[in-house]
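A short worksheet on the structure shown next.
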Amino acid sequence: MVSLANRPFADSSSWNTPVSNNATFTKLGWPASNGYNYNAAWSSYSPSVYVASASDPVVQVTYPATWGYPGGTVNIRMPAAANGAAGTDGELIVIDGDVAYNFWQFKRTSSTTGTAVSFGAENVVTGDGWGSKSPFLGAGITAVGASQLGGLIVKDEMNDGDIDHALQLAVDRNLVKAGAVGQALSSDGSSASGIVQEGQLLAIPPGTPMPSGLSAAGQQVFKAMQTYGAYVVDVAGGTTNVRAQANAFDSATIAALAKDMHQITPLLHAVSNNSGGSTVTPPTTPTNPTNPTTPAVDTTAPTLQSVAASGTGLTNGNGTVHAGDTVSLTLKFSEVVNVTGTPTLALNSNGSAKYVSGAGTDTLKFEYKVAAGETASDLAINGFNLSGVKDKAGNVANLTSAPRQPAGTLVVNTSTPTDPTTPTTPTNPTNPTTPTPIDTTAPKIQAIAASGSGISNGNGTVGAGSTVRLSVSFNEAMTVNGTPTLSLNSNGTAKYVSGSGTNTLQFDYKVAAGEKAADLAVSGFNLGGVTDKAGNAVNLTGAPLQPAGTLAISTSSTSTDTVKPKVQWLSASGSGIRNGNGMVRAGDTVRLSIGFSEAMTVNGTPTLSLSSNGTAKYVGGSGTNTLQFDYKVGSGDRAFDLSVSGFNLGGVTDKAGNAVNLTGAPRQPGGTLVVLSSWSSSSRRTATLSTSESSLAAPATLESSATTASSSSNVTDFMSGSRQTVGYPSAQDQAASSAASDGSLSSKLALLSQYSASSFSTPAAFSTGGLSQGWGDSAFQTLAKPRG
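Written out as structure tokens, the structure is:
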């Protein structure tokens, strides 16, 4: 990402997709403004954003297991000034190359080290900004698992005059119902009277007039919410906020925007049926904020700023295309444009490029399929047919002095030889008297690279069963017919898998038993059927045979590795689980990730026995350092903090065949993960007594219970290991049940008579690392057995 002025994520991302003109809008019951319940988060409740450069130092950031990522470190280039935003959240986004790294509670511990409590990452060029549901992997640290760059108001982008993407909303927790929808990975909403859900798209209906008196920032936010909408990504305490870049805006701009949100936010409707129709109705012309009676009319026509060509066989706009090839022409305008009809471009090759996508953005894409007989020494646009291309105010594009020539030299050559043995020399279209020479130059191999599991920069050792990817680079695009192969000095063979039409062909080599090489090399090229576009076979003179690095092939059955692998860490993730914290019930699935000291091989189906009396089954990870196990919570399963009670890892070995050394293996994932078979629907207090076969040990703790009293008794018992829980009803329960009597309780409460209350702590809710959730609406007490 070169600049923060560019919107992040792929054009196909829902963040960058305008609301459909077929969408249905449903009014929401937003509360009336009270002066503070609608706002713009900035500084302490929004992230700082930095773009790294090649000269910035590499910082190693340590983080625990979070959002599907196993605990560890990530090394990224980071500007010296980069640090978490002010406040307890300490949110930070650093864009290094094409990846946005998102941290929560980030702390810079030195110029080259830092820590964070939560972490997520997403590619800002190809990613969608939302994360993955399967496998579960967050793109950032919002409650829905989305990157916090998604929907963030960024100053450099706002300076261009338009926010051309959806915004993000943190909604008052009293207005957010439970459950995640859309592309959200999880939710922390819980309000029974909520009006929205996390992951939901909201938008201002088209035709809604812009409120008068909005600031410049407020006008841009209104337009974005009417064109693209806003996604609910988090809950907030007592206020509903848009979020703005913490390290860019001045306080006066944010103060004005915060005031504007009291007029803008209540205009948001729930969006449904948001499919079909790519053209967006332009927002209603806003009222002039300086003179509400005079409309502010946009009369400035958009201009064309650049033209770029791309396609198979083209590099930076350079190359030659033939009949049947497709060229993409990308036109960038000075502002967002809408499209009606099907605009076209007339080309100097006598061909025509047709519009394919980009409405609602500042970039339109046209495609040109080269037809027989079309020629050009350097492709250019002869004429623009753009009558249906207009800005949001309806201004047609101003094409005066518009660029017509894409960068580079793009030759269109569709001349076909009439005699394969004596080809007719085609006429040079720029000078008919000068013939254009036929391509008779054979392509050459420029480089070979090896990659795969256990291989770093071409270095490593692989054994039987491993797959090595050999990438063979040529000096021009190649066409493949048949199945070419590479003979290897290990006595193995690499088979072609992909790459036809590009400069690089991919070959895969699966190592077989008995094959070996001190440093893998190609002993023979079997490239029949591999030619350039002109049909020239490969010139193998001087072709490189050795991939960079030293790649040893060792399949000896006698291994010198006798060190047993060890379990290094455990982590738990899944819907409703955040940083290992949460509660799960029957039917929920928990992903348990186990990190080993080296790559593991799995045969059979290993399992984990769990403290909830459940079992986690192996689902994937063979060949890597991390194995994944899934645990589907069964009816009756329960645990106050899920742990592994037994490792059943028969068939799990390292590459040398060593079984796992479980001495000292961690058994408890980070965080507190409660397994409940059901929820209690009434307030209930329980006394938990530590017992042995014939005696009671003190102290005993009154804890929350998710059990429900049976119809025959107001007392509930359940066993958990060596702990007995005796439940008795609260005052509320007793008042509600006329059937209860003191005598019916005395026998079961007699067990408590030897204890006295040593403390009476009554927290409002059970807390799990930042996820606050009432547990049966119960409090707890601690009883201590008297001494003497």
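Numbering (this note's numbering), first residue to last: 20 to 807. Note that beta-carbon positions come from the ideal geometry of N, C-alpha and C, so glycine has one too.
Nearest-angstrom Cβ-Cβ length linking residue i and residue j, presumed shorter than 8 Å
i: D191; j: G237; result: 20 Å between Cβ atoms; not a contact.
i: V254; j: A162; result: 7 Å
i: E217; j: S206; result: 4 Å
i: G133; j: V78; result: 6 Å
i: R127; j: N94; result: That belief does not hold up - the Cβ atoms of R127 and N94 are roughly 15 Å apart, past 8 Å.
i: P625; j: V671; result: 5 Å
i: L383; j: A328; result: Going by Cβ atoms, the distance from L383 to A328 rounds to 14 Å, so no, they are not a contact pair.
i: V355; j: T380; result: 6 Å
i: V143; j: V118; result: 7 Å
Same chain only: Cβ atoms within 6 Å of residue i, ignoring 5 sequence neighbours per side
i: P566; result: I467, A468, A469, G477
i: P285; result: W49
i: V516; result: Q525, D527
i: R423; result: A399, I400
Residue i in three-state terms, based on DSSP
i: L286; result: helix
i: N142; result: strand
i: S151; result: strand
i: S33; result: helix
i: S39; result: coil
i: S63; result: helix
i: S270; result: helix
i: N292; result: coil
i: T47; result: Note on identity: in this sequence residue 47 is Leu, with Thr being the wrong assignment. DSSP places L47 in coil when its eight states are reduced to three.
i: L323; result: strand
i: D181; result: coil
i: D117; result: coil
i: M229; result: coil
i: N432; result: coil
i: A571; result: strand
i: M280; result: helix
i: L611; result: strand
i: L23; result: coil
i: N401; result: strand
i: R262; result: strand
For residue i, the nearest candidate out of the options (CA to CA)
i: V113; options: G213, G665, V70, D397; result: V70
i: N680; options: A658, P83, F615; result: F615
i: A556; options: P503, A243, S67, T512; result: P503
i: A263; options: A328, I182, D317; result: I182
i: N53; options: T258, L111, L204; result: T258
i: A42; options: A60, S22, F241, Y247; result: Y247
i: G9; options: A391, D75, S472; result: Given a span of 20 to 807 for the chain in the structure shown, any question on residue 9 remains unanswerable.
i: T428; options: K529, T92, V340; result: V340
i: V68; options: V173, N56, R96; result: V173
i: L661; options: K674, G683, L695; result: L695
i: T363; options: T92, T349, F385, N58; result: F385
i: Q282; options: A51, D649, K583, G208; result: A51
i: G213; options: T359, A289, T334, T645; result: A289
i: W86; options: D607, N600, D656; result: N600
i: Q687; options: F659, D30, G332, S641; result: F659
i: K152; options: T107, G106, A203; result: A203
i: Q587; options: V541, Q187, P563, L646; result: L646
i: F61; options: A277, P98, S130; result: Before going on, a small fix: residue 61 reads as Trp here, not Phe. Cα-wise, what sits closest to W61 is A277.
Continuous beta strand (DSSP E) stretch holding residue i: start and end
i: K384; result: 380 to 388
i: E495; result: Unbroken run through E495: none, as it is neither H nor E.
i: E176; result: First-last for E176: 174 to 177, but that is the alpha helix (DSSP H), not the beta strand (DSSP E).
i: K373; result: 371 to 376
i: N357; result: 345 to 358
i: N545; result: 541 to 545
i: D253; result: 249 to 255
i: Y9; result: What is shown of the chain runs 20 to 807, which leaves residue 9 out entirely.
i: E534; result: Looking at the DSSP string, E534 is not in any beta strand (DSSP E), and its letter there is neither H nor E.
Other residues of its chain near residue i: CB distance less than 7 Å, five sequence neighbours each side excluded
i: S573; result: T480, G482, K535
i: T312; result: Only weak support exists for where T312 lies, its pLDDT of 43 falling under 50; the value from the coordinates is given anyway. Once the five neighbours on either side are set aside, T312 has no close Cβ partner at all.
i: N292; result: N41, A42, T43
i: G762; result: Low confidence applies to G762: its pLDDT is 42, below 50, so where it sits in the model is not reliable, and the reading given next is rough at best. Hits under 7 Å: none found.
i: G484; result: V530
i: P154; result: G87
Beta-carbon contacts of residue i that lie in its chain and below 8 Å, excluding the five residues immediately before and after
i: T320; result: The sequence given here places Ala at residue 320; Thr does not occur at that position. If we look at A320 and ignore the five residues flanking it on each side, its Cβ neighbours are D410, N414, V415, A416, N417.
Span of the alpha helix (DSSP H), counted from its first residue to its last, around residue i
i: G595; result: Careful: G595 lies outside any alpha helix (DSSP H) and carries neither H nor E.
i: G237; result: 235 to 246
Cβ of residue i within 8 Å of any chain B Cβ
i: A591; result: In the structure shown, chain B cannot be found, because there is only a single protein chain.
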